[in-house]
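First residue of the sequence shown: 39, per the working numbering; consecutive thereafter.
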Amino acid sequence: GNYAASLRANKKAHDLGYSCEFYLDAKEKKYIDECGAANFFGIKNNTYVTPKSTSILPSITRRSLVQVAQDLGMTVDQRPVEWAEVKAGTFVECGLCGTAAVISPVGEIDNKVYGADETVTFPAGYTEIGPVMKKLRETLTGIQSGAVEDKHNWVYTVA
């Protein structure tokens, strides 16, 4: 039920050759909310930036990555993220996070809505995962597998 509202937009994006769709806020259409079945985040200046919005599904993976980023000494900035900031190229890495993939790097975002013709490229994610996202992913999956110390008591043995 959580993803039913996105099925039409997702199909349209796929029909146009895109991997997924991004959503902007419904009111002003200028703030990034999320991407289909995943949460958005960007990396700049040793800062993990993730949108703050009441429209975003409160993902456990998103919350876990926020904590992992802090554990790795990064600043975490949870705030409204304007499309203009993404378009300006201020993020050195851009990614999506969710249960299945943990982290998926983003190489390019096109904005073709309302007559816009804008494309933003993220070289660190275009052909492979960037170094910061790689460290975040390795740390979180390491905690899940037991290879990295679980400082927060997230992992439980179910008998």
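Glycine included, every Cβ here is placed at the ideal spot set by N, Cα and C.
- Counting only the Cα atoms, V196 lies some 46 Å from T157.
- Beta-carbon to beta-carbon, V130 and L178 are separated by about 20 Å, too far to satisfy the 8 Å threshold.
- Here D71 is buried: its Cβ has 16 or more other Cβ atoms, across all protein chains shown, within 10 Å.
- Between A47 and S142, the gap from beta carbon to beta carbon reaches 8 Å or more.
- Here DSSP, grouped into helix, strand and coil, assigns V144 to coil.
- Counting along the chain, no alpha helix (DSSP H) covers N77; the unbroken beta strand (DSSP E) around it starts and ends at 77 to 82.
- Taking the Cα positions, A43 is about 9 Å away from G74.
- For N149, the closest alpha carbon among the candidates G163, Y69, A185 is that of Y69.
- Cβ contact annotation for G80 (same chain, cutoff 6 Å, sequence separation greater than five): V87, F129, C132, in chain order.
- Going by DSSP, T113 is part of no alpha helix (DSSP H) but of the beta strand (DSSP E) stretching over 113 to 117.
- Put simply, of K82, S91, V144, G127 the residue whose alpha carbon is nearest the alpha carbon of M112 is K82.
- A distance below 7 Å between beta-carbons, with the five flanking residues on each side excluded, links V170 to the following residues of its chain, in chain order: I81, E131.
- By the C-beta density criterion, W192 is exposed, having fewer than 16 other C-beta atoms within 10 angstroms.
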